Amino acid sequence: MKRDSILAILKNTVGERRMPHVLGTEEECLRLAARFGLSETETETLQLAALLHDITKSFSRDEHLAVLRRVGVDPAVLFLPSEKTWHAVTGALYAKEAFPTLVNDAVLTAIRYHTTGRASMSLLEKLLYLADYIEPTRTFHDCVQLRQFFYDTMASENHPEAVLTKTLILSFDMTIRDLVRLRCPIHPDTVAARNDLLSKEG
Ligand code: DGI
Ligand code: FE
Ligand code: FE
12 MKRDSILAIL KNTVGERRMP HVLGTEEECL RLAARFGLSE TETETLQLAA LLHDITKSFS
72 RDEHLAVLRR VGVDPAVLFL PSEKTWHAVT GALYAKEAFP TLVNDAVLTA IRYHTTGRAS
132 MSLLEKLLYL ADYIEPTRTF HDCVQLRQFF YDTMASENHP EAVLTKTLIL SFDMTIRDLV
192 RLRCPIHPDT VAARNDLLSK EG
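Taking the working numbering, the leading residue of the sequence shown gets 12, the next gets one more, and so forth.
In structure tokens form, the structure reads like this:
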């Protein structure tokens with residue numbers, strides 16, 4: 012399927028208003044793919060995950076639950092205390108349903124973990140997670156900080172993977188700090204992701 016056909020479908024699902032963020036995430040993923048030396052196939056996988064990552068972002072509580080019911084997945088997979096994390100779970104399931112011949116497991120796990128992260132993230136999962144955070148249309152203070160930290164550190168260090176680890180730890184620090192400040196529950200996968208990266212640092 013061509014990019015244009017995917018975009019046409021997306022406008023009706025994520026909505027026109029979120030398209031700049033989706034396109035910004037795609038652009039950032041392509042930039043990161045080049046910096047991390049991804050193959051053409053890996054780059055296409057990451058690009059597709061970027062386009063589809065927020066496909067259920069505008070869904071209501073009932074629409075999220077309807078996706079789970081349709082595909083026969085137990086709502087217990089959701090982290091109930093935080094509805095904002097649901098779209099990553101239902102997004103992967105919806106993408107598989109809507110684009111069965113297009114998506115593979117790498118696309119689906121990148122979408123599935125783009126909000127919370129998880130322990131032992133693949134490179135593609137990390138790159139989508141980071142791109143979603145620092146893509147050019149993000150103007151929130153933490154996003155600007157993280158973008159600057161990542162590109163400054165990439166310029167001064169020779170180990171992209173190590174820079175990625177440090178950047179992701181910083182992103183989880185900022186997200187967790189923010190959630191604590193707002194007295195929001197923290198998804199266990201977010202804690203697991205940070206613990207895992209800390210254990211691999213240095
Ligand atoms: O969908 P986007 O807005 O592009 O970005 P996203 O998928 O990273 O979602 C960000 C939102 O999700 C943000 O409002 C904070 C929330 N969030 C992220 N991680 C957690 C979380 N909320 C809770 N409660 N726990 C988390 O671990
Ligand atoms: Fe999202
Ligand atoms: Fe997003």
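Beta carbons: idealized from backbone N, C-alpha and C, even for Gly. The structure displayed is predicted, hence computed values, not measured ones.
Unbroken alpha helix (DSSP H) run spanning residue i, endpoints
{"i": "CYS195", "result": "Looking at the DSSP string, CYS195 is not in any alpha helix (DSSP H), and its letter there is neither H nor E."}
{"i": "ILE122", "result": "116 to 123"}
{"i": "MET30", "result": "30 to 46"}
{"i": "HIS75", "result": "72 to 82"}
{"i": "ASN23", "result": "14 to 24"}
{"i": "ALA60", "result": "51 to 63"}
{"i": "LYS95", "result": "Element bounds for LYS95: n/a, residue is neither H nor E."}
{"i": "GLU136", "result": "134 to 145"}
Secondary structure of residue i, DSSP reduced to three states
{"i": "PRO111", "result": "coil"}
{"i": "PHE161", "result": "helix"}
{"i": "THR215", "result": "Summary: the structure shown does not reach residue 215, with the chain confined to residues 12 through 213, and so no result is reported for it."}
{"i": "SER210", "result": "helix"}
{"i": "SER182", "result": "helix"}
{"i": "SER167", "result": "helix"}
{"i": "THR201", "result": "helix"}
{"i": "GLY102", "result": "helix"}
{"i": "ARG149", "result": "coil"}
{"i": "THR176", "result": "helix"}
{"i": "ARG129", "result": "coil"}
{"i": "ASP85", "result": "coil"}
Presumed contact (8 Å Cβ cut-off) between residue i and residue j, rounded CB distance
{"i": "THR148", "j": "PRO31", "result": "5 Å"}
{"i": "LEU57", "j": "LEU135", "result": "5 Å"}
{"i": "PHE70", "j": "THR101", "result": "7 Å"}
{"i": "ALA130", "j": "ALA60", "result": "Going by Cβ atoms, the distance from ALA130 to ALA60 rounds to 19 Å, so no, they are not a contact pair."}
{"i": "LEU43", "j": "ALA173", "result": "Contact flag wrong, Cβ pair sits at about 15 Å."}
{"i": "THR178", "j": "LEU209", "result": "About 13 Å; that fails the 8 Å criterion."}
{"i": "LYS211", "j": "THR176", "result": "6 Å"}
{"i": "ILE145", "j": "GLU38", "result": "Not quite, the Cβ-Cβ distance comes to about 11 Å (not below 8 Å), so this is no contact."}
{"i": "VAL33", "j": "ASP85", "result": "About 29 Å separates the two Cβ atoms, so there is no contact after all."}
Task: Residues passing the C-beta test against ligand 3 heavy atoms, cut-off 6 Å - done: Those residues having their beta-carbon less than 6 Å away from any non-hydrogen atom of ligand 3 are, in chain order, HIS32, THR36, HIS64, ASP65 and ASP143.
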